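Under the working numbering, the first residue of the sequence shown is numbered 7, with each subsequent residue one higher. Ideal Cβ positions, reconstructed from N, Cα and C, are used throughout, including at glycine. Note that the structure is a prediction, hence the values are computed from the model and not measured.
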Amino acid sequence: MKRPLVPIALAYAGGVLAARACPVELPLWWLITAGALIASLALARASWRARLLWPLLVAAGCANLTSRTAILSRHDLRAAAGSAAELVALRGSLAETPKHRVFIQHEEEAVRTHAVIEVTELRRDGAWLPATGRVAVTTPGAMDGAFFGGRGVEAFGVLHRPKAAAAQGLFDYREHLRWLGIHFQLDTKGTNDWRLAPAAAAPAPPMTDRFFNWAQRTLARGLAAEDESLRLLWAMTLGWKTALTDEVSEPFMRSGTMHIFAISGLHIALIAGILVALLRVAQVPRAWCGLVVVPLIWFYTGATGWQASAIRSTIMMTVIIAGWSLRRPGDLLNSLAAAGVIILVWQPEQLFQASFQLSFFVVLSIALLVPPFEERSWKWLKHDPMLPDELRPRWRRMLDRPLHWLASSIATSLAAWLGSLPLTAYYFHLFTPGSLVANVLVVPLSALALMANLGALVCGGWLPWLTELFNHSAWLWMSLMVRVSEWTATLPGAWTYTRPPTAFEFIAFYALVMLTVSGWLFAPGRRRRVAVAVALLVVCWGAGLLRERATAKITVLAGANAIFADAPGSADDLLVDTGAEGAANFIVKPFLRGQGANRVTTLALTHGDLRNVGGFTNIAAVFQPVGVVTSGVRFRSPAYRGIAASLESSPGRWRQVKRGDTVSGWTVLHPEGTERFTQGDDSALVLRGEFHGTRVLLLSDLGKPGQLALLDSGQDLRAAIVVAGMPTQGEPLAVALLDAVKPRAIVLQDSEYPAQRRAPKQLRDRLASDGVPLFIATADGTTVIEVKPGGVTVRAPGRPAVNW
């Protein structure tokens, strides 16, 4: 069989997927028994072995994942700790050296430390209890060098389950940690909540830390200052993620070149290629080359911290080098399958990690697409074979090699881009056609920078002048990489944010690409059938798109006082408030990008509360709203006054509205314009929208005096769904207002902090007393209201959906 490992890898991966997809966790002993039974039948009946291999592989994959995710001990933290947050102390050892993350807070750099503890004991109510599991720990500030991987520690803080995604399209931290084997998070107040465990003698830092510190000093040797280019060189060569802040990463993300900062196949292949070339020049036999190169690339993987991407790439390169050393025919697809089986046997959870999926789909695309792409390009570059080279112009002969290199680079870049396109849209909400240009330029520059850094590490202190020369060379290449990435990101149409693709779009895209490139679609005998099938696919996709565009979708964001109303069609989208500065940066901005919003049509600011409008500057800078709507009321809030002053410089996009006006299809019900209230909440904008005959009422943080004024206005306030926030004083949704609205569903947008903004129990009981479904942000999460021509759905992660 050609490529025998491909079906084996697919069957084993299918078992891993089946274990995850199963709605009920199967007992591990069932799976082991089933596998043993299949193996026994295969041993007993030789004629059945070929057929029984496939269910055996599926059972093995299913059992492997189940054994990694099931609770096998009563001391497992998932059994020992409850689901509610609690104040505890943990004792254990650091799984790895804590890592620092730099971010911008209130226009200043702040540092946060992330660590993982292998827990052995849990202190609750003053008693230490045995416990097992891994816990992610977040600490404000930077921890000192005494804390490193393997060191025994104690940490004190709030233990809780990691937070799920605040809204659809946002990063799901709980799911991310789950596939790393981490099910709990500990929040500490600062570095004082940490303590080193007593030891007979001070342990030495691990080899990886010592190598890293030495390598950082070596790569900085001779350079004038620790600037951005040097920090990015540390990130690319050593896997130092602290340098990759959001601001630094953005141009690389938009140009599709962020992958160069992961210790991945590019790094490992380059190092292996350099080593093999040097050994072959020295006339070292193939077998000895493999024996030398494989340990060296594994040393590099360990020295850079055993990163998952590096381990995957090193396994892949080990398989390739082993086959080459043994003079086996090279087959990238078969080698990829072999590496996949090894990785999934070692750690099946990696199948559900974004980095694993991206790396394997990119390599798979390169293996399948580059040969036909190169064949087509070489046909274009091919010269007349009957014409001797001596008769061809010299300049044409000189261009042969560069043109072939350029064609191969473009083919590889195109194949990698096609392979990663749906996954990039799904995980990062980006569509980056500019990466086709950027990678052709940046990848060779990154290879030069990496070669220079490797030269500096080899020379070290032995040849300091040569080390400094290598460092200056690497700095130059990295500076050029930064400039190229920034330039590419500014090209028209180089990138855009997009919504994540559906499962149908995933399958259809990859199937069409593979079948088109293979030529299967254009075979003479099946062209008509293929044309009909493609037409049906387009019709199905278009029908789904039309249904989606006919739906009004109102998202009430939990954790941010903001609402996004996506009206039917492509116009009249409305963002109501921005939330506070932190919520705007970490919830509202990524949510809008996840919806494919590159610009906001209309931004409405309901009132001057900092928790509602504090993020205006950031949101306006990123999404550049076409129009900004406020009421005519002058609020005392300094933040609101600053916003009003900035809007006065662009009066063409600022609109002040009052009762009876319309905003992107929504009717303004309050304030009237002449009313004056002592509390700013009572002057908040109240909006009512109607979609397919269903009314939605947005009350913002309207207090009791404002509610009375709204009732006295004599307007028809009936609405199927009402959304209300928590006013500073009093309660939302007074009894009289509820009687006037007569809602079929209530959404309460409360907040965890401050405490007075959290819905109290008596308010919840009152609102739910009439049997109207109640959705509460702090309890149920982000609420999504979908109004379709045929019905309405209100759903949130924390409770069953409501339909009518």
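So, under 8 Å CB-CB, residue i and residue j are touching, yes? Tell me the CB distance rounded to an integer number of Å.
i	j	result
R318	I349	6 Å
T145	G196	7 Å
G228	H613	Not confirmed; about 57 Å, so no contact.
A577	T607	7 Å
L34	A76	6 Å
A421	F379	6 Å
A3	L128	With the chain represented from 7 up to 810, any question about residue 3 goes unanswered, as that position is not in the structure.
L244	A221	6 Å
With a threshold of 16 other CB atoms inside 10 Å of the CB of residue i, please say whether the residue is buried or exposed.
i	result
C465	buried
T684	exposed
W468	exposed
I327	buried
V159	buried
T224	buried
N219	exposed
F305	exposed
P257	buried
D756	buried
T811	With the chain represented from 7 up to 810, any question about residue 811 goes unanswered, as that position is not in the structure.
Y18	buried
V404	Note on identity: in this sequence residue 404 is Met, with Val being the wrong assignment. With fewer than 16 Cβ atoms within 10 Å of its Cβ, M404 is classed as exposed.
State the DSSP-derived secondary structure class of residue i, mapped to helix, strand or coil.
i	result
Y306	helix
S643	coil
W134	strand
W401	helix
Q363	helix
E232	coil
R80	coil
V619	helix
R144	Here residue 144 turns out to be Thr, not Arg, going by the sequence shown. In this structure, T144 counts as strand in the three-state DSSP scheme.
K105	strand
Y432	helix
D178	coil
K8	coil
W676	One detail in the question is off: residue 676 reads as His in this sequence, not Trp. In this structure, H676 counts as strand in the three-state DSSP scheme.
G21	helix
G796	coil
D722	coil
Report all residues from its chain with a CB closer than 6 Å to the CB of residue i; omit the five preceding and five following residues, and keep chain order.
i	result
A571	I560, L580
V753	V562, V729, F781, T789
D786	A802, G804, R805
L297	none
Anyone know if the C-beta pair for residue i and residue j falls short of 7 Å?
i	j	result
A746	L723	yes
L276	L456	yes
W501	G440	yes
R505	G602	yes
P733	D771	no
V628	S689	no
A558	V793	yes
L703	V728	yes
S706	S491	no
A121	V143	yes
G621	E587	yes
A480	A453	no
S108	E102	Note on residue identity: the sequence assigns Val, not Ser, to residue 108. No. Outside cutoff.
S419	L442	yes
W672	L691	no
S361	S331	no
L609	P631	yes
V635	R661	yes
Short of 8 Å in beta carbon distance, which residues of its chain neighbour residue i, apart from the five on each side in sequence? Order them along the chain.
i	result
R286	C295
P428	P507, E511, F512, F515, Y516
I593	A172, A173, L176, L563, G565, A566, A568, G585
T138	S79, H81, D82, L83, V125, T126
M213	G308, A309
Take residue i and list the residues in its own chain whose beta-carbon comes closer than 7 Å to its own, dropping the five residues that flank it on each side.
i	result
S341	M322, V325, I326, G329
L58	I44, L47, A48
V3	No statement about residue 3 is possible, as the shown extent of the chain runs from 7 to 810 and does not include it.
D178	A170, A171
Tell me whether residue i counts as near the ligand GTP, meaning its Cβ is closer than 6 Å to at least one heavy atom of that ligand.
i	result
A360	You won't find the ligand GTP in this model; it holds no ligand whatsoever.
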